[in-house]
Every structure is written in structure tokens, then in C-alpha cells.
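Step one of this worksheet: look at the structure below.
Numbering (this note's numbering), first residue to last: 8 to 120.
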């Protein structure tokens, strides 16, 4: 995979292009999964993506991500990944509740085979 930073220079410009965002939960990859299991999980994931999808933010478990990046372009879907800055701010409320604020997207990258 190659990340092409010239296509989408910033998260802000990428978000300006988005009409609709849909979060699709992908199945967990068992730690003992072999190639066939991972390929089947990737196919299952691809089948859940609406046909009108043009771009997909593909992140998560690495082996599944690789398989998705191999398959989605054949459906005309551009694969994206995002980098983030892990600026964590902790706030303790007067009730003792801890609140953590973190993770700001910095850059959206297009992934190519």
C-alpha cells in the first residue's frame, strides 16, 4: 500500500467533499485466523458496503485492512486512512468523574495498491 498525500491535503478539505458518512461495524478478526478466514471476513465486509459508496475510511485490524484495500478499488471505491494527533486532555469534574478528550484528525491519505 502507498499513501498518496497529494490527493487529499487535509482532513478539512476531505470532509468538505463528503455528502453522507455511514459507520459500518466490521467483524473482529480472530487472532488465530489464517488467510482464508481473513479473506472471507474481507468479503463479508465488502458485501455490507452500500453500492453507491465512492470512498471508504479503511482502518483497524491490519490484515483485514490490507484485504479491503485490495478489494474495494475493483468496486470503484477510493480507500482512505487518517492520521491523528493524540492530544489527551483529562478533566476531573467536581463529582470525581474523569473525562478524557483526545484524538484530532490531522491528515486523510488515499491508499493505493
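Every residue gets a Cβ at the ideal spot worked out from N, C-alpha and C, and that includes glycine.
It should be emphasised that the depicted structure is a prediction, and the values quoted were computed from it without experimental measurement.
- Query: Helix or strand or just coil, what does DSSP make of residue 90?
  - Reply: strand
- Query: Does DSSP put residue 107 in a helix, a strand or coil?
  - Reply: For residue 107, the three-state secondary structure derived from DSSP is strand.
- Message: Just verifying my parser: in three-state terms, what is the DSSP assignment at residue 35?
- Response: In the three-state DSSP reduction, residue 35 falls in the coil class, being neither helix nor strand.
- Query: Helix, strand or coil for residue 96 per DSSP?
  - Reply: strand
- Query: Can you tell which of 107, 90, 89 and 103 has its C-alpha closest to the C-alpha of residue 97?
  - Reply: 107
- Residues that DSSP places opposite residue 49 in a beta bridge: DSSP output for residue 49 lists no bridge partner at all.
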